[in-house]
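Report on one structure; see the data block that follows.
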Amino acid sequence: MAMNKIAIIGCGPGARECVTLEALAEIARAETVIGTAHLLELFPDMKAERIVVRGHRQETIDAIQQQEGRRVALLVTGDPGLASLASAVIQHCGTDTCRVLPGISSVQVAFARLGLSWEGARIISAHAVAPAIDVESLLSESKIAVLTGSAASMQWIALLARKLGKEWRFVVAQDLTLHSERIFDVQAEELEALPGPIRAVIVCYRKSAA
Numbered sequence: 007m008a009m010n011k012i013a014i015i016g017c018g019p020g021a022r023e024c025v026t027l028e029a030l031a032e033i034a035r036a037e038t039v040i041g042t043a044h045l046l047e048l049f050p051d052m053k054a055e056r057i058v059v060r061g062h063r064q065e066t067i068d069a070i071q072q073q074e075g076r077r078v079a080l081l082v083t084g085d086p087g088l089a090s091l092a093s094a095v096i097q098h099c100g101t102d103t104c105r106v107l108p109g110i111s112s113v114q115v116a117f118a119r120l121g122l123s124w125e126g127a128r129i130i131s132a133h134a135v136a137p138a139i140d141v142e143s144l145l146s147e148s149k150i151a152v153l154t155g156s157a158a159s160m161q162w163i164a165l166l167a168r169k170l171g172k173e174w175r176f177v178v179a180q181d182l183t184l185h186s187e188r189i190f191d192v193q194a195e196e197l198e199a200l201p202g203p204i205r206a207v208i209v210c211y212r213k214s215a216a
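For the sequence shown, the positions run 7 to 216 when the numbering used here is used.
What follows is the structure, encoded as structure tokens:
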């Protein structure tokens, strides 16, 4: 594939308002735009050819390879540098072929909603499965953000919360930037009972860190 033909665009946590002006300009220049159905729906006025993928690594790479010689924009959720499909695409296609346009991550939005700095926060992705991280190794942290997406991850977060104890605050930031956005506090014992999977960032932090 010709170099510098793939723009990997971070589309934020879900609202078009979170897409940067630079990203909008790149989408307007693209000949082909690849993304999941809900991301493509954010840009109903674009002229490029649309290719719908389900967000699977190999499916997305195959779709890109079929566009050789064309200017491609790949839409990814959140920020391409955080728990993103972008890393797999860059690894396969090469850094010289890909131009990455950063977006807003749900972690950024979650901490902003709380008026809390996320400097020094431990960020853990638990989209698909429970993290292979011993919760005991996290007890020395002061801020933790967990990106959820599976029932197994909720069980793991509940265990983590019980270990952290009453000196910590636990906040569920769900459907960020969307009309259905909800931000609410939970107790450690309530996390396991939350209906799952849910699209949320769960922010845990020592009350003394606020």
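Here a beta-carbon is modelled for each residue, glycine too, at the ideal position from N, C-alpha and C.
Here the structure is a predicted model, which means the values were calculated and not measured.
| message | Please identify the residue among A157, R63, V152 and C104 whose C-alpha is closest to the C-alpha of S90. | response | Taking the first residue of the sequence shown as position 1, residue 90 is located at position 84. Residue R63 is the option with its Cα nearest to S90.
By a C-beta neighbour count over all protein chains shown, 10 Å radius and 16 as the cutoff for buried, is I139 buried or exposed?
What you label residue 139 is simply residue 133 of the sequence shown in a count that begins at 1. Under this definition I139 is an exposed residue.
Quick one: measure Cβ to Cβ for V207 and S112, integer angstroms, because I've assumed they're closer than 8 Å. What you label residue 207 is simply residue 201 of the sequence shown in a count that begins at 1. What you label residue 112 is simply residue 106 of the sequence shown in a count that begins at 1. Contact holds; Cβ gap of about 5 Å.
Let's test the definition: count the other Cβ atoms within 10 Å of the Cβ of F190 and tell me whether it reaches 16, buried, or not, exposed. Within the sequence shown, residue 190 is the residue found at index 184, counting from 1. That one is exposed.
Checklist entry - So the beta strand (DSSP E) I96 belongs to, where does it begin and stop? => result Numbered from its first residue, the sequence shown carries residue 96 at position 90. Counting along the chain, I96 falls outside any beta strand (DSSP E), though it belongs to the alpha helix (DSSP H) covering A92 to C99.
Three-state class that DSSP yields for S131 in the structure shown = Within the sequence shown, residue 131 is the residue found at index 125, counting from 1. S131 falls in the strand class under three-state DSSP.
**Prompt:** Of the residues F117, G20, A157 and L184, which one's Cα is nearest the Cα of L81?
**Reply:** The residue labelled residue 81 in the question sits at position 75 within the sequence shown. Of the candidates F117, G20, A157 and L184, the one whose C-alpha sits nearest the C-alpha of L81 is G20.
- Can the beta-carbon of G109 be found less than 9 Å from the beta-carbon of I40? Against the sequence shown, residue 109 aligns to sequence position 103. Against the sequence shown, residue 40 aligns to sequence position 34. Result no, Cβ atoms of G109 and I40 do not sit closer than 9 Å.
In or out: A132 buried (at least 16 other Cβ within 10 Å) or exposed?
Residue mapping note: residue 132 aligns to position 126 of the sequence shown, counting from 1. It is buried - the Cβ of A132 has at least 16 other Cβ atoms within 10 Å.
Taking V106 as part of the beta strand (DSSP E), name the residues at either end of that continuous run.
If you number the sequence shown from 1, residue 106 lands on position 100. Looking at the DSSP string, the run of the beta strand (DSSP E) that includes V106 is C104 to L107.
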